[in-house]
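Enquirer:
Number of protein chains: 2
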Amino acid sequence: MRMKSTQHYQVRAEIAKAIAHPSRLLILDVLRNRSLCVGELTQLVGADQSTVSKHLTILKKVGLVTCHKRGLTMTYRLECSCLTRFFDCLESVLVSNLKKQESGVRG
Amino acid sequence: MRMKSTQHYQVRAEIAKAIAHPSRLLILDVLRNRSLCVGELTQLVGADQSTVSKHLTILKKVGLVTCHKRGLTMTYRLECSCLTRFFDCLESVLVSNLKKQESGVRG
DNA sequence: GTCATGTATGGCTATATTACCATATTGCCA
DNA sequence: TGGCAATATGGTAATATAGCCATACATGAC
Numbered sequence: 010m011r012m013k014s015t016q017h018y019q020v021r022a023e024i025a026k027a028i029a030h031p032s033r034l035l036i037l038d039v040l041r042n043r044s045l046c047v048g049e050l051t052q053l054v055g056a057d058q059s060t061v062s063k064h065l066t067i068l069k070k071v072g073l074v075t076c077h078k079r080g081l082t083m084t085y086r087l088e089c090s091c092l093t094r095f096f097d098c099l100e101s102v103l104v105s106n107l108k109k110q111e112s113g114v115r116g
Numbered sequence: 010m011r012m013k014s015t016q017h018y019q020v021r022a023e024i025a026k027a028i029a030h031p032s033r034l035l036i037l038d039v040l041r042n043r044s045l046c047v048g049e050l051t052q053l054v055g056a057d058q059s060t061v062s063k064h065l066t067i068l069k070k071v072g073l074v075t076c077h078k079r080g081l082t083m084t085y086r087l088e089c090s091c092l093t094r095f096f097d098c099l100e101s102v103l104v105s106n107l108k109k110q111e112s113g114v115r116g
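Chains as they are written, first to last, in this note's numbering: chain A, 10 to 116; chain B, 10 to 116.
(1) List the DSSP bridge partners of Met12 (chain A).
(2) Indicate whether at least one CB of chain B lies closer than 9 Å to the CB of Lys63 (chain A).
(3) Restricting to Cα atoms, I'd like to know which of B:Phe95, B:Tyr85, B:Asn106 and B:Arg79 is closest to Ala29 (chain B).
(4) Pairs of beta-carbons, one from the region 15 to 25 of chain A and one from the region 41 to 48 of chain B, closer than 8 Å: are there three or more?
(5) Just how far apart, CA to CA, sit Tyr18 (chain A) and Met83 (chain A)?
(6) Can you give, in chain order, each stretch of the beta strand (DSSP E) that sits fully within the region 33 to 98 of chain B and has at least 3 residues?
(7) With 9 Å as the C-beta to C-beta threshold (strictly closer), list the residues of the region 20 to 46 of chain A near chain B in chain order.
(8) Going by CA-CA distance only, name the one from A:Glu88, A:Ser105, A:Lys78 and A:Cys91 that's closest to Gly72 (chain B).
(9) Reducing DSSP to helix, strand and coil, say where His30 (chain B) ends up.
(10) Would Tyr18 (chain A) pass as an interface residue toward chain B - the criterion being a Cβ-Cβ separation below 9 Å?
(11) Could you have a look at Ser101 (chain B) and say whether DSSP puts it in helix, strand or coil?
(12) Give me the subset of the region 85 to 116 of chain A whose CB atoms are less than 9 Å from a CB atom of chain B, sorted by chain position.
(13) Determine the direct distance from the alpha carbon of Thr15 (chain B) to that of His64 (chain A), and round the result to whole angstroms.
(14) If you measure from the beta carbon of Thr60 (chain B) to each beta carbon in chain A, is any gap under 9 Å?
(15) Could you give the C-beta distance for Leu92 (chain B) and Arg33 (chain B), rounded to a whole number, given that I count them as a contact under 8 Å?
(16) Could one say the Cβ of Leu81 (chain B) lies closer than 9 Å to chain A's Cβ atoms, at least one of them?
(17) At least one CB of chain B closer than 9 Å to the CB of Leu73 (chain A): is that the case?
(18) Return no unless some Cβ of chain A is closer than 9 Å to the Cβ of Leu50 (chain B).
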């Protein structure tokens with residue numbers, strides 16, 4: 010197997026990092042249902058509007074969401090349907106951890 | 010849709026955070042092929058042995074890898090096959106970004 | 001034009017993360 | 001037992017991240 014470059018992993022880690030935050034995870038999750046504007050997302054996240062705006066900027070930067078303006082409101086849209094696989098993976102890890110706990114394996 | 014708790018996203022973000030680092034992404038990637046010991050992983054990552062050890066601790070903590078000792082060496086093993094879906098998702102985002110770039114969409 | 005609303009940005013502080021070095025721990029072997 | 005090899009842990013400094021407040025920017029209404 011040929012070694013992948015540092016760049017290779019840096020680019021992918023950048024995307025993963027964008028996902029890896031509770032508020033951003035929430036945002037991505039709710040956007041799976043339907044597109045929402047900043048105000049609605051701010052309500053759902055329960056943080057300062059500026060904070061949510063910054064989270065959205067991070068998600069947009071790596072291409073996970075896109076946005077378009079309609080009048081005053083900026084609507085954010087989930088750009089990658091594959092995200093379901095990401096969430097599935099997280100669930101799978103949690104389930105696996107639970108199973109291990111149940112069967113008495115530690116650490 | 011009922012709102013998921015803050016806890017819900019925190020737990021999942023914890024796992025995502027563990028994945029979201031270039032070195033740890035590399036580690037997870039190579040472990041998909043076969044289990045490796047700390048020394049081998051240290052070589053591949055190209056960082057200090059203690060640094061790699063700490064990365065492995067982080068991965069172990071969230072249940073992405075397990076380890077077992079055989080003599081002096083500690084062998085790390087990928088615990089969740091679902092990780093492929095995670096990697097697929099990252100690729101998918103990158104491909105999607107490239108397509109957008111090509112079609113002249115900016116920002 | 002002014003005003004109000006929705007969103008983004010700058011500035012700042014608090015906290016988290018990362019990496020390295022030094023050192024402790026563990027287990028094998030002479 | 002002493003010494004060596006593989007790995008883990010503690011400490012510390014540099015950097016990154018996250019949150020809030022204040023404020024700038026953009027758009028539509030008047």
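Beta carbons: idealized from backbone N, C-alpha and C, even for Gly.
Expert: The relevant details are as follows:
(1) Partner(s): none; Met12 (chain A) has no beta bridge.
(2) Interface residue (Cβ-Cβ distance to chain B less than 9 Å): Lys63 (chain A) is not classified as such.
(3) From the listed residues B:Phe95, B:Tyr85, B:Asn106 and B:Arg79, the smallest Cα separation to Ala29 (chain B) is found for B:Phe95.
(4) Judged by Cβ distances under 8 Å, the region 15 to 25 of chain A makes no contact with the region 41 to 48 of chain B, as fewer than three pairs qualify.
(5) One alpha carbon belongs to Tyr18 (chain A), the other to Met83 (chain A), and they sit about 32 Å apart.
(6) Runs of the beta strand (DSSP E) lying entirely within the region 33 to 98 of chain B and spanning at least 3 residues, in chain order: 74 to 79 and 82 to 87.
(7) Using a CB distance below 9 Å, the part of the region 20 to 46 of chain A facing chain B consists of Val20, Arg21, Ala22, Glu23, Ile24, Ala25, Lys26, Ala27, Ile28, Ala29, His30, Pro31, Ser32, Arg33, Leu34, Leu35, Asp38, Val39 and Asn42, ordered along the chain.
(8) Comparing alpha carbon positions, the residue from A:Glu88, A:Ser105, A:Lys78 and A:Cys91 closest to Gly72 (chain B) is A:Ser105.
(9) In this structure, His30 (chain B) counts as coil in the three-state DSSP scheme.
(10) Cβ-Cβ to chain B under 9 Å: yes for Tyr18 (chain A).
(11) Reduced to three states, the DSSP call for Ser101 (chain B) is helix.
(12) From the region 85 to 116 of chain A, only Glu88, Cys89, Ser90, Cys91, Leu92, Thr93, Arg94, Phe95, Phe96, Asp97, Cys98, Leu99, Glu100, Ser101, Val102, Leu103, Ser105, Asn106, Lys109, Val114 and Gly116 have a Cβ closer than 9 Å to chain B.
(13) CA-to-CA, the gap between His64 (chain A) and Thr15 (chain B) works out to about 16 Å.
(14) Chain A, which has no Cβ nearer than 9 Å to the Cβ of Thr60 (chain B), makes this no.
(15) Leu92 (chain B) to Arg33 (chain B), Cβ: 11 Å. No contact.
(16) The C-beta of Leu81 (chain B) comes no closer than 9 Å to any C-beta of chain A.
(17) Cβ-Cβ to chain B under 9 Å: yes for Leu73 (chain A).
(18) Leu50 (chain B) is outside the set of residues whose beta carbon lies under 9 Å from a beta carbon in chain A.
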